[in-house]
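Just remember that our numbering sits 5 ahead of the position in the sequence shown, which is counted from 1.
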Amino acid sequence: MEGAPAKGVLSHLSLLEVKARSRKTQLQQHSRVMELKAKVEALKTQREQLKAQIQTHQDLQKLRLAMDKQCADEEEENMEEESENSKLLRLMARHTQLKDLLHAHHLIGGYDIIKTRKGKGACVSIATAYEDVFLDTFNLEIDLKPTVKISRHNIPPFIPLNNLAEQNNMQTDLRVFLDTLSKHLNAFAGRKQQLKLVKEKHKSVEVMESNVLCSLLVLLFTVPREKTAVLCTLDYTDHTRCLPTRVHLESEDKQLPDSPQWKKNCTLLMETPVHKALITMKKMGSIA
């Protein structure tokens with residue numbers, strides 16, 4: 006007799022559990038339905054936007070074709086009689102033309118490439134710049150047929166051109182090779198420009214040693230109060246970067262390189278272009 010009530014309680018609990026699960030499932034299904042409805046509405050909105058963009062693109066394409074057929078004199082005469090809307094459409098068409106040119110320029114990696122010998126060769130120009138200042142431009146003449154190879158160039162001899170061509174498989178992916186070469190050339194130009202700025206702007210800092218690749222730079226500092234000399238070696242082992250990979254300090258004061266201030270200076274030199282780091286070090290009173 007005692008087992009019957011217990012059995013009834015268990016059955017009731019089991020029924021409650023089944024109802025709870027059913028309610029949870031219904032809530033999940035309702036939430037899923039609402040989520041799908043929202044997604045459908047978003048896709049409809051996106052579809053309408055795409056339709057509008059396609060229509061605008063088609064209108065601009067038609068206008069561009071018309072612009073290409075007109076001569077410059079006719080355009081000037083017509084522009085005087087055109088409405089503001091027509092002028093705006095023409096500006097938009099010109100804008101899309103420029104965007105197409107920019108896209109094509111991006112596809113070839115941003116390099117200036119001129120075909121030579123009726124398509125059998127190409128001349129590639131790689132411009133270098135540092136801090137928004139254009140520096141040297143380097144050129145390569147590349148044979149495209151029967152195999153891709155460099156025939157002439159003015160790349161500095163200390164840039165491992167042949168190794169880069171082999172490592173980046175110039176035969177199958179010319180752009181990857183050009184990108185890698187550009188990194189080397191721009192990093193070299195940047196380091197060279199930094200050295201020039203150090204000599205021009207920091208007369209109290211003496212350049213003791215540097216090499217043609219500008220991958221090694223030895224500077225002599227003077228600590229203002231103690232008049233202590235500090236020899237600083239900057240080692241640029243990564244030739245695709247303008248920042249050093251190692252900074253080493255030497256001084257008659259053996260404790261100076263390990264001092265908190267000069268440890269900060271080392272970090273600064275590792276993370277900041279040297280000509281800018283020296284300005285900060287002077288402001289902090291570390292060097293004369």
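Here a beta-carbon is modelled for each residue, glycine too, at the ideal position from N, C-alpha and C.
Since we're looking at a predicted model, the values are computed, not measured.
According to DSSP, Asn-174 shares a beta bridge with no other residue.
Within the segment 232-257, complete beta strand (DSSP E) segments of at least 3 residues are found at 233-240, 251-256, given in chain order. Contact check between the segment 192-203 and the segment 263-270: fewer than three CB pairs, one atom from each, fall below 8 Å, which does not count as touching. A Cβ-Cβ separation of about 5 Å places Gly-126 in contact with Asp-148 under the 8 Å criterion.
For Glu-205, the enclosing alpha helix (DSSP H) starts and ends at 179-206. Here Ser-130 is exposed: its Cβ has fewer than 16 other Cβ atoms, across all protein chains shown, within 10 Å. In this structure, the beta-carbon distance from Phe-182 to Asn-168 does not fall below 7 Å. Residue pairing by DSSP places Phe-163 in no beta bridge whatsoever.
When rounded, the separation of the alpha-carbon atoms in Cys-128 and Tyr-116 is 10 Å.
Judged by pairs of C-beta atoms under 8 Å, the segment 148-159 does not touch the segment 234-242, as fewer than three such pairs exist. Taking a C-beta distance under 7 Å as the contact criterion, Leu-202 and His-280 qualify as a contact pair.
In the structure shown, Ser-156 adopts extended strand secondary structure according to DSSP, grouped into three states. Spatial neighbours of Asp-178 in its own chain (CB-CB distance under 6 Å, excluding positions within 5 residues in sequence) are not present.
Sixteen is the threshold: since fewer than 16 other Cβ atoms of the shown chains lie within 10 Å of the Cβ of Pro-265, the residue is exposed. With 16 or more other CB atoms across the displayed protein chains lying within 10 angstroms of its CB, Thr-133 is buried.
For Ser-130, the pairing in a beta bridge is given by DSSP as Asp-117, Asn-144.
Collapsing the DSSP output to three states places Leu-149 in coil. Within the same chain, and ignoring the five residues on either side of Leu-261 in sequence, the residues whose Cβ sits closer than 8 Å to its Cβ are Val-228, Thr-233, Val-235, Leu-254, Trp-267. Pairing Ser-187 with Leu-200 gives a Cβ-Cβ distance that is not under 7 Å. The continuous stretches of beta strand (DSSP E) do not include Leu-218, and DSSP gives it neither H nor E. Checking the DSSP bridge columns, you'll see Glu-211 partnered with Leu-225.
Beta-bridge partners assigned by DSSP to Val-138: Tyr-135.
Cβ contact annotation for Ala-282 (same chain, cutoff 7 Å, sequence separation greater than five): Leu-273, Leu-274, in chain order. Taking Ile-155 as the centre and dropping the five residues before and after it, the same chain places the C-beta of Leu-145, Ile-147 closer than 6 Å to its C-beta, in chain order.
Separation of Leu-41 and Gln-31 (C-alpha to C-alpha, rounded to the nearest whole angstrom) is 15 Å. With respect to Lys-197, Cys-219 sits close: the two C-beta atoms are nearer than 7 Å.
In this structure, DSSP gives Lys-259 a state outside helix and strand, which the three-state scheme calls coil. Around the beta carbon of Ala-98, 16 or more other beta carbons lie within 10 angstroms, which makes this residue buried. DSSP places Lys-287 in the helix class (H, G or I) of the three-state scheme.
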